[in-house]
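Undergrad: Everything in the sequence shown is counted per full-length UniProt numbering, starting at 1 for the first residue and increasing by one. Beta carbons: idealized from backbone N, C-alpha and C, even for Gly. Quick one: the structure is below, and I'll ask about it shortly.
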Amino acid sequence: MQQQSVSDFMRESSFAIVSESIRLRDAAELLVTHNFSVLVAEDESGRMCGIVPESAVIRELMTNSDREVLVGSVLSRHVESVRSDAELTSVLHLFRSSCNSVIPVVNHDDQVVGLLHRRDIVRMLLGDAATDAKIDAAEDLASGGSKPHFMDRSRVRMDAPKSGNSRADESRD
């Protein structure tokens with residue numbers, strides 16, 4: 001395996017960052033609307049303070065009908081994260097020993113800059129098989145075959161409402 005860094009495989013645009021002080025129901029809507037499986041939560045300083053896995057949202061919504069429950073109350077705060085400049089081989093063990101399907105990638109200020117997905121690591125480990133499948137799909141498309149359908153998931157940010165309203169804003173790239 002060549003020396004590759006985490007930044008070579010992280011997804012920089014397919015995740016949502018939410019404030020730990022937004023309502024859980026608003027966060028759940030983000031999960032559903034954008035087809036995310038996890039949300040990244042940050043504190044007032046913009047540093048990652050945890051993640052909100054889909055499973056935690058389901059558990060809380062099933063057991064608590066309080067519409068004012070905040071994201072901070074269901075956060076997984078003890079989250080493994082990796083630096084974007086880390087060697088990929090040095091972080092692969094985190095997927096073997098972790099039940100998480102994603103690992104947040106942070107910069108030196110602990111701000112999330114991307115997510116490393118287990119599925120992308122599997123693709124990388126498959127190597128040539130995945131490359132061959134892409135070539136086959138491209139050849140099929142070039143020969144008039146069916147058009148592939150792609151879902152473009154944008155990066156989303158949701159902060160706590162300042163005037164009592166909540167909203168999701170497209171964040172900066």
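I'd like to know if the region 59 to 74 and the region 7 to 14 are in contact, where contact means that at least 3 CB-CB pairs between them fall below 8 Å.
TA: Output reads no: the region 7 to 14 does not touch the region 59 to 74.
Undergrad: Given this structure, state the Cα-to-Cα distance separating residue 87 from residue 4, to the nearest angstrom.
TA: Distance between the alpha carbons of residue 87 and residue 4 is about 6 Å.
Undergrad: Cα separation between residue 65 and residue 114?
TA: Using only the alpha carbons, I get a separation of about 32 Å.
Undergrad: Could you compute how far the alpha carbon of residue 41 sits from the alpha carbon of residue 83?
TA: Going from the Cα of residue 41 to the Cα of residue 83 covers about 17 Å.
Undergrad: In the DSSP assignment, find the beta strand (DSSP E) that holds residue 106 and state where it starts and stops.
TA: That run of the beta strand (DSSP E) goes 102 to 106.
Undergrad: How would you call residue 150, buried or exposed, if buried means at least 16 neighbouring beta carbons within 10 angstroms?
TA: With a pLDDT of only 42 at residue 150, under 50, the local geometry of the prediction cannot be trusted, and no value is derived from it.
Undergrad: Would residue 32 be called buried (16 or more neighbouring beta carbons within 10 Å of its own) or exposed?
TA: Residue 32 is exposed by the Cβ-count criterion.
Undergrad: Where does residue 20 land, buried or exposed, given buried means 16+ other C-beta within 10 angstroms?
TA: Buried is the call here.
Undergrad: Could you give the DSSP three-state label for residue 48: helix, strand or coil?
TA: If DSSP states are grouped into helix, strand and coil, residue 48 belongs with the strands.
Undergrad: Hey, which unbroken runs of the alpha helix (DSSP H) at 4 residues or more fall wholly within the region 29 to 93?
TA: With a minimum length of 4 residues, the continuous alpha helix (DSSP H) runs that stay inside the region 29 to 93 are 54 to 63.
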